[in-house]
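Residue 152 in the numbering used here sits at position 152 of the sequence shown, and the numbers go up by one each step. Using N, Cα and C, we set each Cβ at its ideal position, and we do this for glycine too. Structure, as structure tokens:
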Amino acid sequence: MAKLREEHVTIAREMAARDVPVRRIARQLGVDESTLRYRLERPAGAPDGRRARPTRLDGWAERIAAVEARFGEDGCPASVLYDVLVREFGFAGSYQAVRRHVRRTRGPAPIQAVRRIELPPGIQAQHDWFDFTAWIAGARLALHGLLGTLAHSRASFVWVSPIMTQLAWQTGHLALFTRYGGVPFWIRIDNLGTAVATGAGPTAVLTTAFTVFARTVGFGVDVCRPATGSDKGKVERVVRTDRSAFADLFVAEWPSVAALQTALDVRAQELLGRRICPATGTSVADAWRAEQPRLQPVPTLDEPFDCVVDRPVSRDALVSFEGRRYSVPFAWVGRRVEVRGTAEAVVIYGAGTEVARHPRGTLRRLLLEPAHYEGPSTPTVRAPTPLGRRARLQLAGLPAPAAVARPLAAYCALVQEACR
1 MAKLREEHVT
11 IAREMAARDV
21 PVRRIARQLG
31 VDESTLRYRL
41 ERPAGAPDGR
51 RARPTRLDGW
61 AERIAAVEAR
71 FGEDGCPASV
81 LYDVLVREFG
91 FAGSYQAVRR
101 HVRRTRGPAP
111 IQAVRRIELP
121 PGIQAQHDWF
131 DFTAWIAGAR
141 LALHGLLGTL
151 AHSRASFVWV
161 SPIMTQLAWQ
171 TGHLALFTRY
181 GGVPFWIRID
191 NLGTAVATGA
201 GPTAVLTTAF
211 TVFARTVGFG
221 VDVCRPATGS
231 DKGKVERVVR
241 TDRSAFADLF
251 VAEWPSVAAL
261 QTALDVRAQE
271 LLGRRICPAT
281 GTSVADAWRA
291 EQPRLQPVPT
301 LDEPFDCVVD
311 RPVSRDALVS
321 FEGRRYSVPF
331 AWVGRRVEVR
341 GTAEAVVIYG
351 AGTEVARHPR
361 GTLRRLLLEP
371 AHYEGPSTPT
381 VRAPTPLGRR
391 ARLQLAGLPA
401 PAAVARPLAA
411 YCALVQEACR
């Protein structure tokens, strides 16, 4: 229901003069009937009599002024004023009475201006999730779309995922970078649990996995202030407009998520040619092509990871991770390595280079690679004791060699010869 405005009252007076029922006028204007009747009965230009009504705060002016004086020029919010009046002065009125008093005495709150900026090409992209449902293989499936928009050209793409895990978060970023044709210097995101471990906005502390991912790929993370959609207004606007542009694809039936993704990519390319980039005045497609040379190249990243930890290497060349122990080359004994958990593997990095890889989530609790214990000593670590013949046979699963046996008569002859 719309708020009753002066233009509504003017129209209603003209319609009422033509004997149109007030109920019909209110229905056509979409306003409250009782409020409209009150305004029509009040003479034009007469002051609102509701302002002169007594309130629970009559006679409280000095106490209210004393409370507001504590906060100086910054002012006292209505919620704080109400709490202080109740706690210190025993105010028995309602919070709404305090709000009305504040509006009446202070006047309308100042409008918060929003700074509008346009970034240079290749500097920033804004990424955000949105939820939707689609028919996949005959079933209604809840899906998540990671929407990315280049801040300069407004080129936008959607990557679809049935989950919103750390692996999906990183995979989606890589998919968007591939569609952009490069990596921007900064990615602006919301305060998502997959990205932010603690805090929010400028004080946010990123999760270890996303921190390492961003460092590996080569972009900085710019976290929005909490509950401030204008900080990433470009992607917020695209979420609204693209829901309409992709609406027919969301209600269609698809054999797989991959088929839906292909259709979304085709539609995104069509939209690039139809939309206008406000920063350049050209089509978004032309602005996007001009922006691509300013983007960083997409790095070769083997696979996303949802867990990153720093671990010491024990004397037996093992590192602990997720309740299991994994071997690394013995040269890393006494040093620290970085362990990343991917979808299928545990990848161990030393000095930025992959030094070991094992399957993840197996039933085994100890995973060894014999080659990790071979090789020459280093200046800081002596090589493990070499395997003997028997150890090599046992590791190879072979039995001991047959012992040399002599007939008893032969042993007797040897003894007799020795006694002569």
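| Query | Result |
| --- | --- |
| Given PRO304, which residues of its chain have a CB within under 6 Å of its CB, disregarding the five upstream and five downstream residues? | LEU167, GLN170, THR171 |
| How long is the line joining the alpha carbons of ALA462 and TRP60, rounded to whole angstroms? | Since the first and last residues shown for the chain are 1 and 420, residue 462 lies out of range. |
| Over what stretch of residues does the alpha helix (DSSP H) that includes TYR82 continue unbroken? | 78-89 |
| Could you spell out where the alpha helix (DSSP H) holding ALA391 opens and where it closes? | 389-395 |
| CB-CB under 7 Å to HIS358, same chain, minus the five flanking residues each way: which ones, in chain order? | TYR326, ALA345, VAL346, LEU367 |
| What span of residues does the beta strand (DSSP E) with ASP248 cover, start to end? | Per DSSP, ASP248 belongs to no beta strand (DSSP E); it is in the alpha helix (DSSP H), 247-251. |
| Could you say if the stretch 177-187 and the stretch 288-297 meet the contact criterion of at least three C-beta pairs nearer than 8 Å? | yes |
| Can you name, in chain order, every residue of its own chain whose Cβ lies under 8 Å from the Cβ of VAL120, other than the five neighbours on each side? | It is Pro, not Val, that sits at residue 120 in the sequence shown. These residues qualify, in order along the chain: HIS152, ARG294. |
| Going by other Cβ atoms of all chains shown within 10 Å of its Cβ, with 16 needed for buried, is ALA139 buried or exposed? | exposed |
| In chain order, which continuous runs of the alpha helix (DSSP H) of length 4 or greater are located wholly inside the stretch 283-310? | 284-291 |
| May I ask you to list the residues that DSSP assigns as paired with LEU143? | PHE132 |
| Among the candidates ARG267, GLY30, ALA214, whose CA atom is the shortest distance from the CA of ALA424? | Look at the range of the chain in this structure, 1 to 420, and you will see that residue 424 is not part of it. |
| Can you tell me whether GLY361 is buried or exposed, with buried defined as 16 or more other CB within 10 angstroms of its CB? | exposed |
| What does the alpha-carbon distance come out to for the pair ALA285 and VAL158? | 16 Å |
| Just the Cα atoms here: how many angstroms apart are THR241 and ARG289? | 22 Å |
| Using a 10 Å radius around the Cβ and a threshold of 16 neighbouring Cβ atoms, would you call SER320 buried or exposed? | exposed |
| Name the residue from GLU62, LEU249, VAL114, THR300 whose alpha carbon lies nearest to the alpha carbon of VAL160. | LEU249 |
| Note down the Cα distance separating ILE276 from ALA78, rounded to an integer number of angstroms. | 44 Å |
| Can you tell me which of the three DSSP states PRO359 falls into? | strand |
| Per DSSP, ILE348 forms a beta bridge with which residues? | VAL339, ALA356 |
| Count the other C-beta atoms from every protein chain shown that fall within 10 angstroms of the C-beta of VAL251, then say buried if there are 16 or more, exposed otherwise. | exposed |
| Thinking C-alpha only, which one of ARG103, LEU4, PRO162, ARG42 is nearest ARG27? | LEU4 |
| Considering only the alpha carbon of each residue, which of ALA410, ILE25, GLU338 lies closest to VAL309? | GLU338 |
| Buried or exposed, going by whether 16 or more other CB atoms sit within 10 Å of the CB of GLN96? | exposed |
| Along the chain, where does the alpha helix (DSSP H) containing ILE123 start, and where does it finish? | It is not in any alpha helix (DSSP H) - ILE123 carries neither H nor E in the DSSP assignment. |
| Classify THR165: buried if its beta carbon has 16 or more other beta carbons within 10 angstroms, exposed otherwise. | exposed |
| Within the continuous beta strand (DSSP E) that includes ARG324, where are the two ends? | 324-327 |
| Write down the C-beta distance between SER298 and VAL328 rounded to the nearest angstrom, noting that I regard them as a contact closer than 8 Å. | It is Val, not Ser, that sits at residue 298 in the sequence shown. VAL298 to VAL328, Cβ: 29 Å. No contact. |
| Please classify ILE187: does DSSP put it in a helix, a strand, or coil? | strand |
| Measure the beta-carbon distance from LEU264 to ALA134 and round it to whole angstroms, keeping in mind my assumption that it falls under 8 Å. | About 10 Å separates the two Cβ atoms, so there is no contact after all. |
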